[in-house]
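By UniProt numbering, the letter at position 292 of the sequence shown is numbered 292, and the numbering carries on one by one without gaps.
From the three backbone atoms N, C-alpha and C, an ideal C-beta is built for every residue, glycine too.
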Amino acid sequence: MMLSVGVSSYANPSEYQLLELPRPEITDPKDVIVKVHAASVNPVDLKKAEGVFKVALKDSFPYKLGYDASGTVTEIGAGVTQFKVGDAVYVRLPESHRGSWAEYAVCPERYIALKPPSLSFEDAAAIPLAATTAFQALRKYDGDLSGKTVFVPAGLSGTGQFCCQLAKNVFHAGKVITTVSTSKVPKVPELLGDGTVDEIIDYKKVDPKTIIEHGSVDFLFDTTGLAMDYLCLMRRGSGCIISISTAPSGDQLQNSAVMRLPHRPTVPLVPRLALNVLDAVRKLRARRYGVSYSYMFLEPSGEDLGTLGGYAQEGKLKPVIGTTVKMQDIEESIFVPLESYYNNKGFGKAPGEAALNSLNESYPDPSFATVNGTYKSHQSGIVYSLPGYQNGSFDNAICSGQTIHVEPAEYFSVSMLVSSDVFGATVSGNVTYNYTDSIESTISELRALPWWSFLTLTRGEIIFPYRYTANRTDFNTSHIFEYTATLQPGKKLSSITLPSTTNATSGRLHVFAISLWRGSSESSSNSPSVRAEIQFVRPTQKWVGDGHQVVEVTINNPGTGCISNGGLNISISDPDVQTSRPGFIRRLCPGDQKRVDVAVAGASNGTLTVMLEYDGLVSSTKIPDIQLGLTDWTADYDSISRHESPQWFDDGKYGIFIHWGPYSVPGWGNSTPYETYAEWFWWYSTHRAADVSDVYDYRLRTFGPTWNYDNSFPDFTAANFDSKGLVDLIHDSGAKYFVLTTKHHDGFALFDTAETTHRNALHYGPKRDLVREIFDAADKYHPEIHRGTYFSLPEWFNPDFGPYGFANGPGNTSSSWPGIIARNPYTGLNEPYTGRLPINDFIVDLMVPQMEILAYNYSTDIMWCDCGAANGTAGFAANWWNHARAENRQVTINSRCGIPQASDFDTPEYTTFSSPQRHKWETNEGMDPFSYGYNRATTPKAYMNATSLIGDLVDIVSKNGNFLLDIGPRADGSIVEAEVQNLREAGKWIHAHGEAIFNTTYWFVMSEYQNYEENIDVRFTQTNDAFYILMLERPSSDNVYIDAPIPVLDGDSVTVLDSAGGETPVQWNKDSQKGPGVTFHIPEEIFGHDEYCWVLKVEYRF
């Protein structure tokens, strides 16, 4: 068997299928079987598959697509004399052997030629149909074309580009004229070679008939169907028009290669006569101008291919490849052409060449990430058309409210490659999806995180190693992000309306590519069709049990019915791999998508089979080019990028952040709205230009002019610190992990730093190993809680950091880590840097060794870096991950360690989103309105209360995020009473409703629903066994209608979860007249049993 692209009935590209068909066999002594390495796509492929000739030619199904191919000979018939097994060849298959979009193809040897040695298989596959057509057309000119004028409209089309080259380089035309659109004018000499085309006409701006001298064209190769419009341009008496885009005569069609099939089809009489008449009319019109006209069908010919191969070898002919995709991607990813919407140039090859934004900054050439103009997402499997760098031409669309029309069809989802264009800012806007019924549309948030920031906080789908400014190369990484939105099942999408984000100051959204994922829900019967389709298979480097690899399988339901009953089982079949833990989906309704983990033992590299079992039926899908097996990590970025957040972190959802150090002694950041981070007290007091909270004056009046920051060490006592009390509080809060600030930017560590420095809590202040005390207490009293370590990579005022010092932005108000000894702001004298030991290099001798101490001596689960600029993260991470795996521990690193490829999760501050983000993220926020360290200026009422805490947690979790909530103990180790009280109050609710928070995933269909008139503000979460509706406001009515396709079916159990542990049954109903949503009838008294958030649980019962 083999994989082949085809259709089961006439269809457009959105309905192409990846079929498993028998491999071809030798049936004639002259047959040759070719293993296909590359196949090209031509307009005739699409037209034939749509049924353009169905009146004359009844095709059999499944219909196999493709005529052009290149590859190697694997088998020959007994009568083959020109080829041997192993030869590299290329071919234009005859109609009787059509089907080049497959792993193997077969045809008689007379249609095949040896591949030119100088061409790749991809280049060779682009030649046969298009170049042979142009070659045979030019040969039809009666006479010598040397010195003559040749007009080729659409000179960058498949046949047009070859005709231009052949006319000039082989037939020696004196003048070659072509037409292209505005953006493609500079592409003609770039792609076809300087001097190939003598006159390039922008048909978008002028009519060629007004530019080209009438009566001057000797030969017209009509690729656009406008042959009759250009008669006036032709030379009277000798002019020749060859068209491939009007229509043939009926007799031509009957005698063409298209009709040469074993069953000898015939064109019906009426269409044949009609085509004869139309062709005769065109010939008559041409004769009136003294011009010959004829339509031309290609005659497949191995001899002609051999000749063309010689021209290619001599450099007279070169193919132009627009986009390359793998065969398995053709079935589902459908490119939306954007060229006509491009209005910006975002890719450059040098500083100042392109201008993504108003500062003339840009991305570098993305060719390192693309393959012949396509990009395949590492996370979703979506394939995009991404031409990338365009010399002198636009390459992306700034969102300005454009409506982009698509081929009307049912699609499962839409995905985009997007970016913002301002430093450090997230830009968003609403995109609208319009359907053919014109009744309703859907709106989704299109969002792009910062395209670059000095300190990496986010990880894009495409990571660039640098960016260009107007005049230099800046080696901070830049990013393009992936966005995906679900579309309404059963509706045909007609267009996409982009948001309007045209303010260059606040930031604009740029769209580089759009792809649709096919997912027709059409059924041949009136009953609901239940369908499960594989979108992507992604081997991870995570494992379960005794080292069994986790393979993530993305499953869509593009049907009209829900997967329920016994659920869907997913397993993987391969001779060298065994499924040790199948994946399972209990419920998947139309338009929904779930990512499922399948555990496997073994290793393989090649094609594997994914088995789906539902309701007693088993289907299998072959997935090529999959490498399975756990591998050791190395410092190589490709290796590092394969690490991701472990399952315990994804499931943990809620953590407590602890900022504690000598900065707790002054404990000052002023109060809102002039508040700054209290833990930055030392920096603000020495940087007056940035000191909006007047730390300078507070330091002076509180401590006097001779006080230095290190004078705070003796007062950092931890005298009232209770490590058991702290971990008990974390447990009571409901959190599943904590992150302790082991060293902030002041360089003072709470752990034993050995001989890297003595600037730590063992030598100064409390003279205790505070990290050890907390970790030991957690291990003893709450071993289920995971432990993390915040670690600042730079130190503000450590002179050893000087060679790596940096500022976050221009100007003296920007945050900075200068690596220069601090000066007392009142005396001008240098402040001491107590505990510093002599070292040679900050990264090698201090930074990395301290990270290793936390990793190996303290066995941290989370390396929560901050301010990663210069770093040694790659080598550290690889070694740590290998060490942890050997101990069967799965650990994680955040996004701030200086290498985006090592980012397991993003870390925005005080941030949430309106829609889910596929890449794991964790927002961090203080219970203090704007400080992480203890701030004595904050009043008890200003701290985050239980209502806000629970609301934020629920909202963040529904968008695939984690919530890291900070507390700041005092210098003596005691914790602000308001923080303790509010944490425990929220913790009661969290413990009672934890099943709706922990071990859940976000809902692909939507994450939130609001109806403020009814006081409804809802978030959604789900597990494999239940669906949760979390109401952040008490609805104004007991009958709560939620306008969302909740996956509830007859027989399911619907209850209200309350803080007392009860589950009260709830009645519900659907009303198709009202919409796709569900009405829940909730007893009024139930709302009095809870506060903060009310939770409905839909438990799947079958």
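### Query
Helix, strand or coil for Y16 per DSSP?
Residue numbering aside, residue 16 sits at position 16 when the sequence shown is read from its first letter. Three-state DSSP puts Y16 in coil, outside helix and strand.
### Task
Using a threshold of 8 Å, state whether the C-beta atoms of D732 and R1034 are closer than that.
Taking the first residue of the sequence shown as 1, we reach residue 732 at position 732. Taking the first residue of the sequence shown as 1, we reach residue 1034 at position 1034. Not in contact: D732 and R1034 (Cβ atoms no closer than 8 Å).
### Query
What are the boundary residues of the alpha helix (DSSP H) that includes F876?
Your numbering for residue 876 matches position 876 in the sequence shown. F876 -> alpha helix (DSSP H) spans 873 to 886.
### Query
With C-beta atoms as the reference, is T224 less than 8 Å away from K205?
Walking along the sequence shown from the start, residue 224 turns up at place 224. Walking along the sequence shown from the start, residue 205 turns up at place 205. Result no, Cβ atoms of T224 and K205 do not sit closer than 8 Å.
### Query
Using the beta-carbon count (16 or more within 10 Å), is T458 buried or exposed?
Along the sequence shown, read from residue 1 onward, the residue named residue 458 stands at position 458. Burial call: buried.
### Query
Can you find at least 3 beta carbon pairs, one from the stretch 822 to 842 and one from the stretch 703 to 712, that sit closer than 8 Å?
yes
### Message
Considering only DSSP beta bridges, list what T892 is partnered with.
### Response
The sequence position of residue 892 within the sequence shown is 892, counting from 1. Per DSSP, I862.
### Task
Taking residue 1110 and T827 to be in contact with their CB atoms under 8 Å, please state how far apart those CB atoms are, rounded to whole angstroms.
For residue 1110 there is no data in the structure shown, the boundaries of the chain being 1 and 1102.
### Query
Hey, how far is the Cα of S527 from the Cα of G490?
Numbered from its first residue, the sequence shown carries residue 527 at position 527. Numbered from its first residue, the sequence shown carries residue 490 at position 490. The pLDDT assigned to S527 is 49, lower than 50, so where the model puts this residue is not dependable, and the model offers no usable value.
#### Entry: Start-end ranges of the beta strand (DSSP E) lying completely within the stretch 338 to 417, minimum 3 residues
374 to 376, 383 to 385
### Query
Going by beta carbon distance, what residues of the same chain come within less than 6 Å of W1094, once the five residues before and after it are set aside?
Residue 1094 sits at position 1094 when you count from the first residue of the sequence shown. Closer than 6 Å at Cβ, skipping near neighbours: M1031.
#### Entry: Collapsed DSSP secondary structure at Y293 in the structure displayed
Walking along the sequence shown from the start, residue 293 turns up at place 293. Of the three classes helix, strand and coil, the one that applies to Y293 here is strand, per DSSP.
### Query
Roughly how many whole angstroms lie between the Cα atoms of D841 and F738?
On the sequence shown, position 841 is the one that residue 841 refers to. On the sequence shown, position 738 is the one that residue 738 refers to. Spanning the two alpha carbons is a distance of roughly 31 Å.
### Query
Going along the chain, which unbroken runs of the alpha helix (DSSP H) with 4 or more residues stay wholly within the stretch 177 to 209?
187 to 192
### Task
Might you give, ordered along the chain, the residues of its own chain that have their beta carbon closer than 8 Å to the beta carbon of S521, omitting 5 neighbours on each side?
The sequence position of residue 521 within the sequence shown is 521, counting from 1. Unreliable placement is indicated for S521, whose pLDDT of 49 sits below 50; no coordinate value is reported for it.
### Query
Mind checking whether N670 and D650 have CB atoms under 8 Å apart?
Taking the sequence shown and counting its residues from 1, one reaches residue 670 at position 670. Taking the sequence shown and counting its residues from 1, one reaches residue 650 at position 650. No, the pair does not count as a contact, with Cβ atoms beyond the cut-off.
### Task
Please report the residue range of the beta strand (DSSP E) in which P1065 lies.
By 1-based counting over the sequence shown, the position of residue 1065 is 1065. Where P1065 is concerned, the enclosing beta strand (DSSP E) stretches over 1063 to 1065.
### Message
Tell me the rounded alpha-carbon separation between L726 and E795.
### Response
Against the sequence shown, residue 726 aligns to sequence position 726. Against the sequence shown, residue 795 aligns to sequence position 795. Those two C-alpha atoms are separated by around 27 Å.
### Query
For K64, does the count of other Cβ atoms within 10 angstroms reach 16, so buried, or fall short, so exposed?
On the sequence shown, residue 64 is found 64 positions in, with the first residue counted as 1. The residue is buried, with at least 16 neighbouring Cβ atoms inside 10 Å.
### Message
In this structure, how does DSSP classify M259 when only helix, strand and coil are distinguished?
### Response
Position 259 of the sequence shown, counted from the start, is the residue given in the question as residue 259. Helix, per DSSP.
### Task
Can you check DSSP and say which residues form a bridge with L220?
The sequence position of residue 220 within the sequence shown is 220, counting from 1. Note: L220 sits in a beta bridge opposite F151, I241.
### Query
On the three-state DSSP scale, how would you describe C163?
Here residue 163 corresponds to residue number 163 of the sequence shown, with the count starting at 1. Helix.
#### Entry: First and last residue of the uninterrupted beta strand (DSSP E) at P803
Within the sequence shown, numbered from 1, the residue matching residue 803 stands at position 803. Note, P803: premise wrong, no beta strand (DSSP E); not H, not E.
### Cβ distance (whole Å) where D597 is taken to contact W682 below 8 Å
Numbered from its first residue, the sequence shown carries residue 597 at position 597. Numbered from its first residue, the sequence shown carries residue 682 at position 682. With 8 Å as the limit, D597 and W682 do not qualify as a contact, their Cβ atoms being about 46 Å apart.
### Query
Does the beta-carbon distance from I956 to T923 come in below 8 Å?
Residue numbering aside, residue 956 sits at position 956 when the sequence shown is read from its first letter. Residue numbering aside, residue 923 sits at position 923 when the sequence shown is read from its first letter. Yes, Cβ-Cβ distance for I956 and T923 is below 8 Å.
### Message
Just to confirm, is the Cβ distance from H69 to E122 under 8 Å?
### Response
Translated into positions along the sequence shown, residue 69 becomes position 69. Translated into positions along the sequence shown, residue 122 becomes position 122. Here residue 69 is Ala; the residue named in the question, His, does not match the sequence. Cβ distance not < 8 Å, so A69 and E122 don't count as in contact.
#### Entry: Assigned secondary structure, S948 (DSSP; H/G/I helix, E/B strand, else coil)
As a first step, residue 948 must be located in the sequence shown, where it is residue number 948. Residue state, collapsed to three classes: helix.
### Task
Just mark P465 as buried or exposed, buried being the case when its beta carbon has 16 or more other beta carbons within 10 Å.
If you number the sequence shown from 1, residue 465 lands on position 465. Classification for P465: exposed.
### Query
Between which two residues does the alpha helix (DSSP H) harbouring A124 extend?
Taking the first residue of the sequence shown as position 1, residue 124 is located at position 124. Its alpha helix (DSSP H) spans residues 121 to 125.
### Message
Would R586 and G616 be called neighbours here (beta carbons separated by less than 8 Å)?
### Response
By one-based count along the sequence shown, residue 586 stands at place 586. By one-based count along the sequence shown, residue 616 stands at place 616. It is not a contact, given that the beta carbons lie outside the stated cut-off.
### Message
Check for me: the beta strand (DSSP E) holding N569 runs from which residue to which?
### Response
Taking the first residue of the sequence shown as position 1, residue 569 is located at position 569. First-last of the beta strand (DSSP E) with N569: 568 to 573.
#### Entry: Residue from S723, W633, P908, T741 with nearest C-alpha to T657
Looking up residue 657 in the sequence shown gives position 657. Per the sequence shown, residue 657 should be read as Phe rather than Thr. Of the listed residues, the one whose Cα sits closest to F657 is T741.
### Query
Near A247, which residues of its chain fall below 8 Å by C-beta distance, leaving aside the five closest residues on each side in sequence?
For this step, residue 247 is matched to residue 247 along the sequence shown. For A247, where only same-chain residues beyond five positions count, the Cβ hits under 8 Å are L275, L278, D279, Y295.
### Message
For R538, list the residues DSSP reports as bridge partners.
### Response
On the sequence shown, residue 538 is found 538 positions in, with the first residue counted as 1. DSSP output for R538 lists E552 as bridge partner(s).
### Task
Would you tell me roughly how many angstroms separate the C-alpha atoms of A513 and P539, rounded to the nearest one?
Mapped onto the sequence shown, residue 513 falls at position 513. Mapped onto the sequence shown, residue 539 falls at position 539. Going from the Cα of A513 to the Cα of P539 covers about 25 Å.
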